[in-house]
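Asks: Residue numbers (the working numbering), protein chains in the order written: chain W, 2 to 217; chain D, 3 to 225. Mind having a look at this structure? Questions to follow.
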């Protein structure tokens, strides 16, 4: 098949800060993971901001703004118009604009985290919006999630299995769930976390900062 | 032919412009009662087209199209739309949607778009959607009527999409309304716009609903 040369007016991206996505179903612990990541990133001297995409409220943004963990001006919310997929994939322009606004408000910003509004296993991020993204699932959602092979599970740069402390209480064989996840992802990384205790959060920060060339 | 293709491209709801997240007061309005008939919803859409989009957005779009090369004039048209948009959720929504629309065109390096994006970032313009539609679509070669039709169709299909996502219309019902309102769109676009025409609108109930919606704890759309 013959390739098609794009014109000089090909899409270009100009943001200075690295942009990452944190997606996953509602209730998997995305906001809790971000709350754990915030002090780790601050301790490592990363200049960052967070953009949330709540489905029907601004609850996640307000939770972070009121947490005392981060300057509230470094958190903003984008409405998803009943389309949590669309706002991070087919039409990420509102998120791109929110990221641009964060960079304008906070000169020297190095990292913008886009938290998705929470959806199903088919959710993925547009590479117009982010340089790298991770998908979060949790053991309480069922140990069959990796075997269902949704695009989020398969295509994310990192799959996080959260709430691992709940495994014995919900009848999940964690080792088997992690083995299934690694099997379907063809060598892409999988990380088991517990946002409640902070388990593997330092390792998560290592992976993120290595991926976006901000290791320190 | 290229201008016609550009018109199709720009009126496609798949073009990333943030439009999906704005209900233009409709989420608040449709939430007032449960028993909305398809006929009442169609009448509401027609009212919005005739008494807001046509008399405000379209007027501004046409003027921006005519003065696409004159940055100072564009800024003045932009300010005029700001001043005429009394309802904050709709006014702010138009600016946010304009910024999203311009973000895509600036990244695509559509003619004139990067310079307009710089002007927006420097706060030299406010970036209302119809101003940017008129200015950029002129640069894409679309004539005044094509630009008006593209914007009007996008506005109509956006309303239908909102009502569908809110569960008030079936997808096919929504397109029955779109089909039946195409003549309304044709009529409104045919109305002349003077160079000194002022934008105006009269949809007070919808604007009150938009104001109430802005105070709601639970909402899916920006406005």
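Beta carbons are placed, not taken as given, at the ideal position from N, Cα and C, and that holds for glycine. All values reported here derive from a predicted model rather than from experimental measurement.
For residue 7 of chain D, decide whether its Cβ has a neighbour in chain W, counting only Cβ atoms nearer than 7 angstroms.
Replies: No, because no Cβ of chain W sits closer than 7 angstroms to the Cβ of residue 7 of chain D.
Asks: Taking only beta-carbon atoms, is residue 191 of chain D less than 7 angstroms away from chain W?
Replies: No, residue 191 of chain D lies away from the interface with chain W (no Cβ there is under 7 angstroms from its Cβ).
Asks: What's the gap between the Cα of residue 109 of chain W and the Cα of residue 202 of chain D?
Replies: Approximately 43 angstroms between the Cα atoms of the pair.
Asks: Any idea what DSSP makes of residue 195 of chain W, helix, strand or coil?
Replies: Residue state, collapsed to three classes: strand.
Asks: Hey, could you find the ends of the alpha helix (DSSP H) residue 11 of chain D is sitting in?
Replies: Looking at the DSSP string, the run of the alpha helix (DSSP H) that includes residue 11 of chain D is 4-13.
Asks: Please state if the CB of residue 112 of chain D and the CB of residue 138 of chain D are separated by a distance shorter than 7 angstroms.
Replies: In this structure, residue 112 of chain D lies closer than 7 angstroms to residue 138 of chain D by Cβ.
Asks: Where does residue 153 of chain D fall in DSSP's three states?
Replies: DSSP places residue 153 of chain D in helix when its eight states are reduced to three.
Asks: Across which residues does DSSP place residue 24 of chain W in a beta bridge pair?
Replies: Its beta-bridge partners are W:136.
Asks: The beta strand (DSSP E) that contains residue 114 of chain W, what's its start and end?
Replies: Counting along the chain, the beta strand (DSSP E) containing residue 114 of chain W begins and ends at 112-116.
Asks: Quick check: is the beta carbon of residue 120 of chain W nearer than 7 angstroms to any beta carbon in chain D?
Replies: Judged by the 7 angstroms Cβ criterion, residue 120 of chain W is not in contact with chain D.
Asks: Hey, how far is the Cα of residue 30 of chain D from the Cα of residue 160 of chain D?
Replies: For residue 30 of chain D and residue 160 of chain D, the distance between alpha carbons rounds to 15 angstroms.
Asks: Considering only their Cβ atoms, is the gap separating residue 111 of chain W from residue 48 of chain W smaller than 7 angstroms?
Replies: Yes, Cβ-Cβ distance for residue 48 of chain W and residue 111 of chain W is below 7 angstroms.
Asks: Contact between the region 16-25 of chain D and the region 144-155 of chain D: three or more CB pairs below 8 angstroms?
Replies: The region 16-25 of chain D vs the region 144-155 of chain D: no contact.
Asks: Do residue 192 of chain W and residue 161 of chain W have their beta-carbon atoms positioned less than 7 angstroms apart in this structure?
Replies: Yes, these two residues count as a Cβ contact at 7 angstroms.
Asks: Look at the alpha carbon of residue 132 of chain W and the alpha carbon of residue 195 of chain W, and state the distance between them as a whole number of angstroms.
Replies: The straight-line gap from Cα to Cα measures roughly 25 angstroms.
Asks: So what does residue 200 of chain W bridge to, in DSSP terms?
Replies: DSSP lists W:195 as partners of residue 200 of chain W.
Asks: Suppose only complete runs of 4+ residues qualify. What are the alpha helix (DSSP H) ranges in the region 110-184 of chain D, listed by chain order?
Replies: Counting whole runs of 4 or more residues, the region 110-184 of chain D contains the alpha helix (DSSP H) stretches 115-123, 131-141, 146-167.
Asks: When you compare only the Cα positions, how much space is there between residue 41 of chain W and residue 130 of chain D?
Replies: In a straight line, the C-alpha of residue 41 of chain W is about 40 angstroms away from that of residue 130 of chain D.
Asks: Candidates W:163, W:29, W:20, W:62: which alpha carbon is nearest residue 199 of chain W's?
Replies: For the residues W:163, W:29, W:20, W:62, the minimum Cα distance to residue 199 of chain W belongs to W:163.
Asks: Pick from W:57, W:20, W:18: whose alpha carbon is nearest that of residue 224 of chain D?
Replies: Per the Cα distances, W:57.
Asks: For residue 20 of chain D and chain W, any beta-carbon pair shorter than 7 angstroms?
Replies: Answer yes: the Cβ-Cβ gap between residue 20 of chain D and chain W drops below 7 angstroms somewhere.
Asks: Can you tell which of W:32, W:147, W:45 has the C-alpha that lies nearest to the C-alpha of residue 177 of chain W?
Replies: Taking only the C-alpha atoms, the option nearest residue 177 of chain W is W:147.
Asks: Going by Cα to Cα distance, which pick from D:133, D:132, D:57 is closest to residue 192 of chain D?
Replies: Answer by Cα proximity: D:57.
Asks: Would you call residue 31 of chain W buried or exposed, if buried means 16 or more other Cβ atoms sit within 10 Å of its Cβ?
Replies: Buried is the call here.
Asks: Is residue 171 of chain W helix, strand or coil when you go by DSSP?
Replies: Note: residue 171 of chain W maps to coil in three-state DSSP.
Asks: With DSSP collapsed to three states, give me the class of residue 53 of chain W.
Replies: Note: residue 53 of chain W maps to strand in three-state DSSP.
Asks: Give the interface partners of residue 186 of chain W over in chain D, defined as CB-CB distance under 8 angstroms, in chain order.
Replies: Going along chain D, no residue has its Cβ under 8 angstroms from residue 186 of chain W, so there is no contact; the nearest lies around 29 angstroms.
Asks: Which two residues bound the contiguous beta strand (DSSP E) that contains residue 163 of chain W?
Replies: It spans 159-163 - the beta strand (DSSP E) in which residue 163 of chain W sits, taken as one unbroken run.
Asks: Do residue 76 of chain W and residue 54 of chain W have their C-beta atoms closer together than 7 angstroms?
Replies: No, these two residues do not count as a Cβ contact at 7 angstroms.
Asks: Would you mind listing the alpha helix (DSSP H) stretches within the region 48-107 of chain D that are 4+ residues and don't spill past its ends, in chain order?
Replies: Listed in chain order, the complete alpha helix (DSSP H) runs (minimum 4 residues) inside the region 48-107 of chain D are 60-68, 73-86.
Asks: By the three-class DSSP mapping on this structure, what secondary structure does residue 195 of chain D have?
Replies: Reduced to three states, the DSSP call for residue 195 of chain D is coil.
Asks: Along the region 92-108 of chain D, where does the CB come closer than 9 angstroms to a CB of chain W? Name the residues.
Replies: Within the region 92-108 of chain D, the residues whose Cβ lies closer than 9 angstroms to some Cβ of chain W are 98, 99, 101, 102, 103, 104, 105, 106, 108, listed in chain order.
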